[in-house]
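Read through the structure below, which is laid out as structure tokens, and then see the notes.
Protein chains: 2
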Amino acid sequence: MQAAEIDEEFPVVDIDAPALDAARMLAEHSLPGIVVLTADGQVYAVLPASQVVRFIVPSYVQDDPLLARVLAESVADRAAEKLGGKTIRELLPQHQLALPIANADDTIIEVATIMGRLRSPLIAVMKQGKLHGVITAPRLLAMALKCGLIDNGHFRAVTTRRLSGLSS
Amino acid sequence: MQAAEIDEEFPVVDIDAPALDAARMLAEHSLPGIVVLTADGQVYAVLPASQVVRFIVPSYVQDDPLLARVLAESVADRAAEKLGGKTIRELLPQHQLALPIANADDTIIEVATIMGRLRSPLIAVMKQGKLHGVITAPRLLAMALKCGLIDNGHFRAVTTRRLSGLSS
């Protein structure tokens with residue numbers, strides 16, 4: 001079974017859209033993350049929802065839970081001005097993130113390897129240079145279960161079998 | 001608004017349950033992760049779905065996407081024996097993971113800080129030493145939007161206001 005056979009349609013967001021759009025989409029559809037595209041449709045980043053959550057925390061607080069606890073409204077209000085009206089591009093890290101992308105013909109085990117290594121809640125599947133769809137972690141597990149790659153009491157790492165081609 | 005007001009019920013899994021149980025629960029309910037409890041009900045870990053996905057990949061392949069690509073069925077079959085019938089405990093890292101937990105009275109900004117720092121798709125909310133509920137990243141964003149902490153075109157970091165207590 002190949003990546004392009006199990007991926008799904010998923011909302012995407014433009015890198016120059018308001019950061020609010022990403023937050024709203026994730027919230028409304030209960031998404032684990034969102035694919036960020038450039039103006040010409042290239043995948044620029046995959047933003048886990050847990051990182052979009054950072055956008056509501058002033059940067060000087062992000063690594064200091066104690067500061068979050070004592071943060072008073074007056075200070076937070078001033079921080080708000082710095083965050084207001086930002087685009088997604090402005091809120092992304094300066095260095096580009098490692099892209100959790102897979103090729104259309106990648107096997108489940110290849111997708112699982114990329115997902116686990118990058119700790120990404122979803123993988124963007126590329127076909128002929130374009131975004132074909134997205135595979136979330138629960139979706140990948142569901143397909144692994146369905147294909148018997150994980151069976152009763154056994155995790156079977158036989159995912160490299162091209163089941164779609166070999167089944168009989 | 002406090003953590004205990006926005007958390008939700010969520011499936012949990014016992015640390016000595018088969019790893020299959022975690023995979024199945026995540027797949028069936030499309031969960032972003034799952035809370036692992038010890039026999040006496042303490043939170044031991046929060047497993048992101050992206051890490052449970054690792055269970056279907058032999059450990060020697062996990063950090064090597066190239067190896068995943070060339071992995072043949074015969075090799076994978078042998079690896080399967082090593083993974084078969086494992087419990088969640090056996091598949092967790094040797095060192096205990098940093099626990100993404102919040103207190104019942106933590107504010108949205110505190111929960112967001114913990115979530116962002118640990119890159120966790122969900123936060124376990126503790127009340128009087130027991131698991132009270134779980135907050136996912138999309139849920140946190142939804143509540144931040146609802147409370148006007150993120151408003152039209154503006155991310156407002158006023159989340160430390162105890163809205164529940166101060167609203168009038």
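Listed in order, the protein sequences are those of chains U and F.
Heads up: the first sequence begins at 1 in our numbering, then just goes up one per residue.
Heads up: the second sequence begins at 1 in our numbering, then just goes up one per residue.
The beta carbon of each residue, even a glycine, is placed where N, CA and C say it ideally should be.
Around F:Leu-140, the beta-carbon contacts reaching into chain U at under 7 Å are Val-53. Beta-bridge analysis with DSSP links F:Pro-48 to F:Gly-33. U:Leu-131 and U:Gln-94 have their C-alpha atoms spaced approximately 23 Å apart. The continuous beta strand (DSSP E) containing U:Thr-136 extends over residues 130-136. Linking U:Val-53 to F:Gly-85 through their CA atoms gives a straight-line distance of about 37 Å. Within 8 Å of the CB of F:Pro-11, no CB atom of chain U is found; the nearest one sits about 12 Å away. Distance between F:Ala-19 and F:Thr-87, taken at the CA atoms: about 5 Å. Contact between U:Leu-145 and F:Ala-27 holds, with the beta-carbon distance rounding to 6 Å and staying under 8 Å.
In terms of Cα proximity to F:Thr-38, the closest of F:Leu-66, F:Leu-140, F:Ala-102, F:Arg-89 is F:Arg-89.
Each residue's CA atom was taken as its position, placing U:Gly-33 and F:Gln-128 some 32 Å apart. The shortest CA-to-CA distance from F:Leu-92 to any of F:Met-115, F:Pro-121, F:Ala-112, F:Gln-51 is the one to F:Gln-51. When the Cα atoms are used, U:Ile-114 and U:Pro-121 turn out to be separated by approximately 11 Å. Contact with chain U is found for F:Ala-49, since one of that chain's Cβ atoms lies less than 7 Å from the residue's Cβ.
Between the alpha carbons of U:Val-43 and F:Asp-40 lies a distance of about 45 Å. Here U:Ile-101 is bridged, per DSSP, to U:Ala-124.
The Cβ of U:Leu-37 sits no closer than 7 Å to any Cβ of chain F. Under the three-state reduction of DSSP output, U:Val-61 falls in the coil class, being neither helix nor strand. Approximately 6 Å separates the beta-carbon atoms of F:Val-134 and F:Asp-7; this is inside 8 Å, confirming the contact. Taken through DSSP and simplified to helix, strand or coil, U:Asp-14 comes out as strand. With contacts defined by Cβ atoms closer than 7 Å, U:Leu-97 and U:Ala-45 form a contacting pair. DSSP, read as helix, strand or coil, puts U:Glu-28 in helix.
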